[in-house]
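One structure is given here, and the rest of the page talks about it.
So, in structure tokens, the structure goes:
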């Protein structure tokens with residue numbers, strides 16, 4: 001029997017899994033990664049070679065730093081040179097002309113949109129601050145001491161539940177998002193697979209050779225495996241995207257150094273069994289549909305998104321009552337529990353209890369899906385009512 005289940009699972013998985021297409025996707029991903037990293041390095045090198053010159057005419061004795069070898073180089077000019085410097089800007093010999101009229105007002109003339117505006121703003125702000133401090137006879141060190149925040153050394157007690165790292169939070173959030181994509185992928189595959197088999201009466205031939213439960217179990221394993229493949233694939237996309245972002249922003253990649261493997265492992269377990277749960281729901285729904293082109297039950301494919309939408313707002317406050325309830329419900333625990341877990345606020349018995357509830361729900365729901373599948377595959381001519389579906393599920397028809 002187990003051999004038959006795995007045979008069905010392998011058939012369903014390979015039905016939508018093409019090695020050639022996956023290899024092509026991997027090559028494309030690798031190519032994008034190489035190009036993006038190369039472009040990021042080239043962008044950083046190009047920025048380091050940029051140099052801009054701005055002439056400054058100031059009516060205020062601002063302590064600006066003139067000359068230097070920075071990306072933005074300020075050149076001191078006199079008011080008598082205004083027309084000549086404007087001509088230089090117009091002819092692209094200068095990148096800009098700044099006329100400082102007072103501490104609070106200045107005028108900037110440019111020949112094109114200035115990419116160096118942030119550097120100029122910072123230079124002016126620093127100079128204004130230094131000038132104001134000099135006028136008030138306050139040293140810069142004293143002012144910085146006033147601005148320095150109080151240092152707080154945070155320490156956890158012996159039995160404290162420490163929060164996960166920022167990277168683990170990011171990964172778990174990504175995993176929840178990708179799990180939703182895996183669920184939607186599984187829904188689409190189950191809908192297409194079961195409805196097409198029913199229309200072409202393929203299932204009648206198959207279930208005459210193997211039990212209904214075996215056929216459903218095989219489909220659940222195979223198509224959930226395909227959904228898990230979607231999660232992993234999008235996870236790779238996310239990692240590459242994060243790497244590219246770090247390359248462009250110049251930030252250090254702390255992903256592997258701060259990764260909390262236990263948190264990610266538990267999140268993967270919840271994602272896997274959550275997909276099994278929702279795929280069993282979709283198997284039951286698809287089995288009751290007579291014609292997918294006219295049935296209104298196709299909109300039930302979006303039912304999981306309702307629970308994901310309920311969970312995401314709770315990320316800012318993972319221990320509120322609503323999130324605690326959602327983390328126990330099998331409909332939403334695959335998303336809510338990992339979000340609570342990464343904040344380090346969940347007792348181990350709640351994690352275990354929630355997972356057991358999800359596991360029992362999956363085992364029970366696969367039986368329900370098999371009963372509806374058994375009756376629905378032989379029900380033609382009209383769409384079954386919800387009362388009939390309930391009778392099939394309870395095995396009273």
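Residue numbers (full-length UniProt numbering): 1 to 397.
Glycine included, each C-beta is placed from N, C-alpha and C at the ideal position.
Treat the numbers as computed from the prediction; the structure is a model and nothing was measured.
Contact check, residue i vs residue j, beta carbons under 7 angstroms
| i | j | result |
| --- | --- | --- |
| residue 323 | residue 336 | yes |
| residue 449 | residue 373 | This structure cannot speak to residue 449, because the chain is shown only from 1 to 397. |
| residue 330 | residue 358 | yes |
| residue 392 | residue 375 | yes |
| residue 94 | residue 108 | no |
| residue 318 | residue 289 | no |
| residue 227 | residue 185 | yes |
| residue 60 | residue 96 | no |
| residue 216 | residue 4 | no |
| residue 230 | residue 286 | no |
| residue 276 | residue 9 | no |
| residue 100 | residue 58 | yes |
| residue 177 | residue 267 | no |
Burial state of residue i (16 or more Cβ within 10 Å)
| i | result |
| --- | --- |
| residue 320 | exposed |
| residue 360 | exposed |
| residue 261 | exposed |
| residue 197 | buried |
| residue 366 | buried |
| residue 35 | exposed |
| residue 120 | buried |
| residue 137 | exposed |
| residue 353 | exposed |
| residue 212 | buried |
| residue 153 | exposed |
| residue 87 | exposed |
| residue 30 | exposed |
| residue 225 | buried |
| residue 390 | exposed |
| residue 45 | exposed |
| residue 348 | exposed |
Which residues DSSP lists as bridging residue i, in chain order
| i | result |
| --- | --- |
| residue 106 | 100 |
| residue 68 | BP columns for residue 68 are empty, so no partner. |
| residue 76 | 56 |
Selection from the options that minimises the alpha carbon distance to residue i
| i | options | result |
| --- | --- | --- |
| residue 65 | 91, 27, 125 | 125 |
| residue 81 | 111, 332, 56, 342 | 56 |
| residue 234 | 120, 334, 211, 183 | 183 |
| residue 105 | 85, 353, 269, 128 | 128 |
| residue 103 | 354, 63, 269 | 63 |
| residue 118 | 225, 89, 71, 181 | 71 |
| residue 362 | 269, 88, 135 | 269 |
| residue 92 | 78, 75, 110 | 110 |
| residue 388 | 187, 355, 284, 356 | 284 |
| residue 377 | 348, 193, 307, 130 | 193 |
| residue 188 | 89, 382, 223 | 223 |
Inter-residue Cα distance where the pair is residue i and residue j
| i | j | result |
| --- | --- | --- |
| residue 219 | residue 312 | 30 angstroms |
| residue 83 | residue 73 | 20 angstroms |
| residue 280 | residue 114 | 58 angstroms |
| residue 263 | residue 156 | 19 angstroms |
| residue 310 | residue 343 | 18 angstroms |
| residue 43 | residue 265 | 37 angstroms |
| residue 273 | residue 333 | 10 angstroms |
| residue 146 | residue 123 | 21 angstroms |
| residue 278 | residue 371 | 16 angstroms |
| residue 394 | residue 232 | 36 angstroms |
| residue 159 | residue 49 | 53 angstroms |
| residue 144 | residue 133 | 11 angstroms |
| residue 305 | residue 7 | 31 angstroms |
| residue 236 | residue 327 | 27 angstroms |
| residue 303 | residue 179 | 14 angstroms |
| residue 67 | residue 151 | 38 angstroms |
| residue 350 | residue 23 | 41 angstroms |
| residue 346 | residue 384 | 43 angstroms |
| residue 149 | residue 139 | 18 angstroms |
| residue 325 | residue 341 | 14 angstroms |
| residue 52 | residue 79 | 21 angstroms |
| residue 356 | residue 173 | 22 angstroms |
| residue 142 | residue 181 | 54 angstroms |
| residue 75 | residue 112 | 19 angstroms |
| residue 386 | residue 308 | 25 angstroms |
| residue 271 | residue 170 | 16 angstroms |
| residue 85 | residue 77 | 8 angstroms |
| residue 21 | residue 90 | 54 angstroms |
| residue 397 | residue 364 | With a pLDDT of 44 at residue 397, under the threshold of 50, the modelled position of that residue is not reliable, and no figure is offered here. |
Heavy atom of the ligand GDP within 6 angstroms of residue i beta-carbon
| i | result |
| --- | --- |
| residue 359 | Within the structure as shown, the ligand GDP is missing, as the structure has no ligands at all. |
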